[in-house]
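In the working numbering, the protein residues as written are 14 to 94. Built from N, CA and C at the ideal position, the CB exists for glycine as well. Computed from a prediction, not measured in an experiment: that's the story for all the values here.
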């Protein structure tokens with residue numbers, strides 16, 4: 014497998030699953046909202062990230078990453094507030 018030259022930033026890129034855990038500091042519903050915002054950014058979902066006031070999703074938009082979000086409170090009404 015070749016990753017490019019010394020100046021190539023993709024040289025250290027890894028493939029495989031990445032697990033991110035958001036803490037429930039200040040309330041577990043905030044953790045769900047933080048997780049949804051993070052999912053939007055990493056998935057490159059520019060429109061959804063904009064709902065959270067985040068512009069960082071643009072840099073992930075062309076990567077076509079599959080992001081699965083799991084949180085026990087996502088179906089609660091309070092998460093949408």
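- With fewer than 16 other Cβ atoms inside 10 Å of its own Cβ, residue 77 counts as exposed.
- Secondary structure at residue 28: coil, using DSSP grouped into helix, strand and coil.
- For the options 33, 66, 45, the alpha carbon positioned closest to that of residue 90 is the one of 45.
- Note that the C-beta distance between residue 68 and residue 61 is not below 8 Å.
- The C-beta of residue 55 has 16 or more other C-beta atoms within 10 Å across all chains shown, which makes the residue buried.
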